[in-house]
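Input: a single structure, listed below in structure tokens.
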Amino acid sequence: MTLEEVRNQYENYPYPYRNPEDEKKRLRPTMMGSLPRLSSLCYGGKNIIKKGFRVLDAGCGTGDATVFLAQQLKDVGGKVVAVDFSKESLYVAKKRCEIRDLKNVEFINGSLLDLSEMKIGMFDYIICSGVLHHLKNPSDGLNALKSVLKENSFISIMVYARYGRTALYMTQKLMRLINQNEKNVQSKIDNTKVILANYHKRHWNQLNLLKDDEKMGDIGLYDMYLHSQDRAYTIRGLFDWITSSSLNIFHIFQEYQYDIRFMLDNKDFLASISKLPKLERLAIGELFFGQINKHSIVVSKNKQEKIDYLEQDYSLYSPTLLLNIDPKHLKKSPKITVPLANNFIIHLNSFNRSILKNMDGIKSIRELLNIAKNNSGLGEEEGVEIFKDLVRMLQALDYIIFRKIEGPIK
Ligand SMILES: C[S@@+](CC[C@H](N)C(=O)[O-])C[C@H]1O[C@@H](n2cnc3c(N)ncnc32)[C@H](O)[C@@H]1O
Numbered sequence: 039m040t041l042e043e044v045r046n047q048y049e050n051y052p053y054p055y056r057n058p059e060d061e062k063k064r065l066r067p068t069m070m071g072s073l074p075r076l077s078s079l080c081y082g083g084k085n086i087i088k089k090g091f092r093v094l095d096a097g098c099g100t101g102d103a104t105v106f107l108a109q110q111l112k113d114v115g116g117k118v119v120a121v122d123f124s125k126e127s128l129y130v131a132k133k134r135c136e137i138r139d140l141k142n143v144e145f146i147n148g149s150l151l152d153l154s155e156m157k158i159g160m161f162d163y164i165i166c167s168g169v170l171h172h173l174k175n176p177s178d179g180l181n182a183l184k185s186v187l188k189e190n191s192f193i194s195i196m197v198y199a200r201y202g203r204t205a206l207y208m209t210q211k212l213m214r215l216i217n218q219n220e221k222n223v224q225s226k227i228d229n230t231k232v233i234l235a236n237y238h239k240r241h242w243n244q245l246n247l248l249k250d251d252e253k254m255g256d257i258g259l260y261d262m263y264l265h266s267q268d269r270a271y272t273i274r275g276l277f278d279w280i281t282s283s284s285l286n287i288f289h290i291f292q293e294y295q296y297d298i299r300f301m302l303d304n305k306d307f308l309a310s311i312s313k314l315p316k317l318e319r320l321a322i323g324e325l326f327f328g329q330i331n332k333h334s335i336v337v338s339k340n341k342q343e344k345i346d347y348l349e350q351d352y353s354l355y356s357p358t359l360l361l362n363i364d365p366k367h368l369k370k371s372p373k374i375t376v377p378l379a380n381n382f383i384i385h386l387n388s389f390n391r392s393i394l395k396n397m398d399g400i401k402s403i404r405e406l407l408n409i410a411k412n413n414s415g416l417g418e419e420e421g422v423e424i425f426k427d428l429v430r431m432l433q434a435l436d437y438i439i440f441r442k443i444e445g446p447i448k
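Counting the sequence shown from 1 gives a position; this note's numbering is that position plus 38.
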């Protein structure tokens, strides 16, 4: 498969489908594009939305991350460079930025493999989502990204995960057989539609969790079932690939999906698993859940330590939790069910309920603990353990953002 074949696909089917006019109605956030989240994960919760902050969106497509990042950096003098080899995709991304009056984006039509020759400077942060798995040699792409990353900076990467895409690969194989003599692209798509419409109700593909892509019509169908270059990784394969490129995996987004403790409630059974090395545990979780269809990670050039937020004074908040959970549940229910793939459950007691209700990105952790102690009658030690458990869960979901409190702390 050639680079040219992949480029042609994205010229004909810019992905994902977006109507620029929708920018008048809403801003579409992306997990990797949230700079407060990046700051919380990687920069000790300090404000990074500042003049001179430079982000690269490599393989920006129709601009989801580009638009979101440029919006956050708009008023402070930060900049986004958006690179894609599909002119049609860039056209959509540009239109979206125009409608939002975002002038802090430079669009470059070219291959990310040529980044080091583009003379575009070095970056504080790079996003490369859904791109590297479409390269003939993904390591070449990774090295190209590395060549324009500043020291002590981070790259967020999304690549496909193998097991959750099992059924999809069956369909890809089937369509290659059916379409082997078909030259016309529309006929290939139409053949795929016939197959999908007539699959037996117990065919593996009926479990496909990527139905959203099908809603994008031909663009989504092509990307899923007819792609000419599509590779997927197990979590172990991903670690091998990243570390062999002399990079470190700093964070795995939504790690709860790889953590059997969140899916299986049997302490004796879990005891021996919890003693295994981290990668073994992740591999166990991935196989047990079976539905992870993409890996989203943050990697760093240099080894970096994660901050232990309990040791210093921070405030915290959870925009995602607020969006996903009915506030009534927070008041009364004994538990909240987070509406994700495996309906993650957080059991509530008077202490963690108080924390959840009061965390607002302003009150310090110290203040939150004191309020929760008053509300629950629990002591410091017990309270801190409950708080740590809650934070661990919210971190595994990537639902929590820490902010460094500047100035005096209450
Ligand atoms: C699946 S889309 C993802 C788009 C976007 N990053 C997102 O997450 O919505 C993949 C994009 O990568 C671009 N792409 C693939 N290989 C590339 C390369 N070598 N150089 C630049 N862009 C590339 C394609 O044109 C396409 O727009």
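Cβ coordinates follow ideal geometry from the N, Cα and C atoms, glycine included.
Contact check, residue i vs residue j, beta carbons under 8 angstroms
i: SER392; j: ILE409; result: yes
i: LEU151; j: LEU183; result: no
i: VAL130; j: GLY97; result: no
i: LYS125; j: MET160; result: no
i: TYR51; j: ASP351; result: no
i: ARG75; j: ILE384; result: no
i: GLY399; j: TYR355; result: yes
i: ILE280; j: TYR296; result: no
i: SER127; j: TYR163; result: no
i: GLY116; j: ARG441; result: no
i: HIS241; j: LEU79; result: no
i: LEU94; j: ASN142; result: no
i: ASP261; j: TYR53; result: yes
i: VAL114; j: LYS88; result: yes
i: GLU61; j: ARG138; result: yes
i: ALA235; j: SER167; result: no
Boundaries of the beta strand (DSSP E) in which residue i is found, first to last residue
i: ALA96; result: 92-96
i: ILE164; result: 161-167
i: ILE384; result: 382-385
i: ALA120; result: 117-122
i: PHE326; result: Not the beta strand (DSSP E): PHE326 falls in the alpha helix (DSSP H), residues 316-327.
i: MET196; result: 187-198
i: ILE146; result: 143-147
i: ILE335; result: 332-338
i: SER353; result: 352-355
Residues near residue i in its chain [Cβ-Cβ closer than 8 angstroms; skip 5 each side]
i: GLU43; result: SER266, GLN267
i: GLY417; result: LYS411
i: ASN57; result: none
i: TYR55; result: THR100, MET254, GLY255, ILE257, GLY258
i: PHE326; result: ILE298, MET301, LEU302
Endpoints, alpha helix (DSSP H) assigned at residue i
i: GLU293; result: Per DSSP, GLU293 belongs to no alpha helix (DSSP H) and is neither H nor E.
i: ILE137; result: 125-137
i: LEU432; result: 418-435
i: ARG274; result: 273-282
i: TYR263; result: 256-263
i: LYS227; result: Contrary to the premise, residue 227 reads as Ile rather than Lys in this sequence. Its alpha helix (DSSP H) spans residues 223-236.
i: PHE440; result: Careful: PHE440 lies outside any alpha helix (DSSP H), inside the beta strand (DSSP E) at 439-442.
i: VAL114; result: Run containing VAL114: none; DSSP gives neither H nor E here.
i: PHE300; result: From DSSP, PHE300 is part of no alpha helix (DSSP H); its letter is neither H nor E.
i: GLN47; result: 41-50
i: ARG404; result: 403-414
i: LEU348; result: Element bounds for LEU348: n/a, residue is neither H nor E.
i: ALA270; result: From DSSP, ALA270 is part of no alpha helix (DSSP H); its letter is neither H nor E.
i: THR204; result: 204-216
i: LEU170; result: Taken as a continuous stretch (DSSP letters only), LEU170 belongs to no alpha helix (DSSP H), as it is neither H nor E.
Nonlocal neighbours in the same chain, by C-beta distance under 6 angstroms from residue i, ignoring five residues either side
i: SER194; result: MET70, ILE165, VAL336
i: LYS332; result: MET196, TYR198, ALA199
i: SER72; result: none
i: PHE389; result: ALA410, SER414, LEU416, GLY421, ILE424
i: TYR48; result: SER124, SER127
i: GLN292; result: ASP436
i: TYR263; result: THR209, GLN210, MET213, THR230
i: SER177; result: SER283
i: ILE443; result: ASP351, SER353, SER402
Beta-carbon separation (whole angstroms), residue i vs residue j, contact threshold 8 angstroms
i: LYS132; j: PHE145; result: 6 angstroms
i: TYR347; j: LEU435; result: Not quite, the Cβ-Cβ distance comes to about 16 angstroms (not below 8 angstroms), so this is no contact.
i: GLY99; j: PHE123; result: No, GLY99 and PHE123 are not in contact; Cβ-Cβ is about 11 angstroms, not under 8 angstroms.
i: SER283; j: LEU180; result: 5 angstroms
i: ASN286; j: LYS341; result: 5 angstroms
i: LYS226; j: ASN217; result: 5 angstroms
i: VAL118; j: ILE158; result: About 11 angstroms separates the two Cβ atoms, so there is no contact after all.
i: ALA270; j: HIS171; result: 7 angstroms
Residues near residue i in its chain [Cβ-Cβ closer than 7 angstroms; skip 5 each side]
i: PHE106; result: LEU65, ARG66, PRO67, THR68, GLY71
i: PHE277; result: ILE287, LEU317
i: ARG45; result: PHE123, SER124
i: THR358; result: TYR437
Worksheet item: Should the region 318-331 be regarded as contacting the region 198-215, the criterion being three or more beta carbon pairs within less than 8 angstroms?
Response: Touching, yes, given that three or more Cβ pairs across the two stretches are closer than 8 angstroms.
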